[in-house]
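In the numbering used here, the protein residues as written are 1082 to 1197.
By construction, the Cβ of each residue, glycine as well, lies at the ideal position given by its N, Cα and C atoms.
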Amino acid sequence: MGKSKFQEYLPDECYRKYSCRHCRAHLANHDELISKSFQGSQGKAYLFNAVLNVQCGKSEERWLLTGLHAVADIQCRSCKTVLGWKYEHAYESSQKYKEGKYIIELAHLVKENGWN
């Protein structure tokens, strides 16, 4: 996740891309997808290792389905839609793998190039 004010683009060689459903800003390469088995506040969500074109909000503690976590909401840098959150800290040892990872809700994702 870059700190640039300008929109970042995934390379053309990256055929399987996820973009913001609302403004089509690139959000993630399919190779960064860790799991499709997550639940967001609006339904299904994906866990990604790395994303781009997002801004993180302030970290706060939240009770999620898997316990207490410190998370920061993430929003699209282009259209400002809240997309999901970043796991800043997991308090349970079984959840530590989520630290530094990103949840993006399916309601805000679109697959570019029409791949399945």
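Note on geometry: alpha-carbon atoms of C1095 and Y1168 lie some 25 angstroms from one another. Fully contained in the stretch 1083-1153 are the following beta strand (DSSP E) runs of length 3 or more, in chain order: 1098-1101, 1107-1110, 1114-1121, 1124-1129 and 1135-1145. Contact check for I1184 against G1121 passes: the beta carbons are separated by less than 8 angstroms. Selection Y1127, L1114 and H1170 evaluated against W1144 yields H1170 as nearest (Cα-Cα). Secondary structure of Y1178 (DSSP, three-state): helix. Boundaries of the beta strand (DSSP E) harbouring E1186: Y1183 to E1186, taken from the DSSP string.
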